[in-house]
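A.B. asks:
Protein chains in written order, with our numbering: chain S, 1 to 148; chain B, 1 to 148.
Given below as structure tokens:
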């Protein structure tokens with residue numbers, strides 16, 4: 001797998017506490033912090049896929065806090081050193097508790113791999129703006145979503 | 001219940017999506033946004049209470065995304081118009097999906113009211129700093145935690 005240029009995966013700490021653990025997310029002095037616009041959650045149901053989206057302005061900082069999610073990222077940026085690369089990253093608190101930073105201009109789709117609902121947090125550098133988002137159906141880019 | 005001065009409860013939207021709902025959290029133009037220092041999660045186990053903490057600098061923006069949590073806030077600030085008030089707020093995505101903004105200087109403890117683990121997100125205006133936190137055992141302030 002040819003790594004996509006400027007896609008960052010940053011392992012995050014889980015701090016054990018008797019009454020309930022604490023999970024780090026994002027700090028303002030982290031390398032992948034690009035400013036604060038909005039924090040929101042996206043849930044994904046078992047056997048579901050949220051299809052291709054491209055943010056043209058927003059940088060995403062994604063943390064999977066419940067379940068297990070497969071992210072597939074496709075780079076069709078002109079001039080990118082990783083043009084036409086597809087990267088697959090599986091995140092979840094029990095298997096890989098990391099933050100995934102996705103710069104603008106990349107296509108992203110994601111799939112629930114857990115038996116119950118999965119949940120991600122996005123700490124984005126701008127507020128939600130439908131005008132900066134492109135969308136495509138799942139068939140637009142080849143990927144074998146059944147291969148788990 | 002005498003409302004504690006400058007404690008804010010802001011209802012948040014849940015957007016229905018077939019593949020999995022989207023849950024609003026905090027936007028940079030919200031009235032209760034005080035800047036971004038850190039986003040982290042705190043989980044709390046069934047039958048557990050996380051005891052009294054007072055942040056002397058940090059403003060907390062709390063969202064309960066899984067389960068049900070009772071927050072108890074005690075105001076012993078000198079000169080506060082709500083001095084000696086105790087406020088109880090129960091939050092969770094199925095009963096009251098709201099953001100709780102707690103300014104510095106108030107005592108907070110919280111209790112899991114759900115049968116399985118509950119989870120909250122804090123979007124704080126400063127990074128974690130143990131020097132700005134005071135802690136007290138549960139017995140320090142009277143509250144009937146068994147009254148549910």
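Idealized CB from N, CA, C, for every residue including glycine.
With a threshold of 8 Å between beta carbons, is residue 39 of chain S in contact with chain B?
C.D. replies: yes
A.B. asks: Identify, in the order they occur along the chain, each residue of the same chain with its Cβ nearer than 7 Å to the Cβ of residue 132 of chain B, setting aside the five sequence neighbours on each side.
C.D. replies: Take residue 132 of chain B, set aside five residues on each side of it, and the residues of its chain with a beta-carbon closer than 7 Å to its own are 55, 56, 57, 58, in chain order.
A.B. asks: Tell me which same chain residues have a C-beta within less than 6 Å of the C-beta of residue 123 of chain S, skipping the five on either side of it?
C.D. replies: 26, 39, 61
A.B. asks: Return yes when the Cβ of residue 15 of chain S is within less than 8 Å of the Cβ of residue 73 of chain S, no when it is not.
C.D. replies: no
A.B. asks: Inspect the CB distances between the segment 73 to 91 of chain B and the segment 133 to 144 of chain S and report whether three or more fall short of 8 Å.
C.D. replies: no
A.B. asks: DSSP three-state label for residue 38 of chain B, please.
C.D. replies: strand
A.B. asks: Curious, which full-length alpha helix (DSSP H) runs of at least 4 residues does the segment 83 to 148 of chain S contain?
C.D. replies: none
A.B. asks: Could you tell me the distance, in whole angstroms, from the CA atom of residue 142 of chain S to the CA atom of residue 45 of chain S?
C.D. replies: 22 Å
A.B. asks: Rounded to the nearest angstrom, what separates residue 113 of chain B and residue 75 of chain S at their Cα positions?
C.D. replies: 45 Å
A.B. asks: Which one or two residues does DSSP pair with residue 10 of chain B in a beta bridge?
C.D. replies: B:99
A.B. asks: Would you mind telling me which residues of chain S sit closer than 9 Å to residue 151 of chain B, beta carbon to beta carbon, in chain order?
C.D. replies: Within the shown structure, residues of chain B are numbered from 1 to 148, placing residue 151 of chain B beyond reach of any answer.
A.B. asks: Taking C-beta to C-beta, are residue 118 of chain B and residue 68 of chain B nearer than 8 Å?
C.D. replies: yes
A.B. asks: I'd like to confirm the pairing. Which residues does DSSP put opposite residue 62 of chain B in its beta bridges?
C.D. replies: B:100, B:122
A.B. asks: Hey, could you find the ends of the beta strand (DSSP E) residue 25 of chain B is sitting in?
C.D. replies: 22 to 27
A.B. asks: Can you look up residue 77 of chain S in the DSSP assignment and give me helix, strand or coil?
C.D. replies: coil
A.B. asks: In this structure, what does DSSP give as the bridge partners for residue 53 of chain S?
C.D. replies: S:108, S:135
A.B. asks: Alpha carbon to alpha carbon, how far is residue 31 of chain B from residue 147 of chain S?
C.D. replies: 46 Å
A.B. asks: Output needed for residue 81 of chain B: all residues of its chain with C-beta closer than 6 Å, excluding positions within five of it in sequence on either side, in chain order.
C.D. replies: 5
A.B. asks: In chain order, what residues of the segment 71 to 95 of chain S put their CB closer than 8 Å to some CB of chain B?
C.D. replies: none
A.B. asks: Quick one, which residues of the segment 95 to 118 of chain B are near chain S if we go by CB-CB under 9 Å, in chain order?
C.D. replies: Listed by position along the chain: 112, 117, 118.
A.B. asks: Should residue 102 of chain S be labelled buried (16 or more other beta-carbon atoms within 10 Å of its own) or exposed?
C.D. replies: The residue in question, residue 102 of chain S, is buried, as its Cβ has 16 or more Cβ neighbours within 10 Å.
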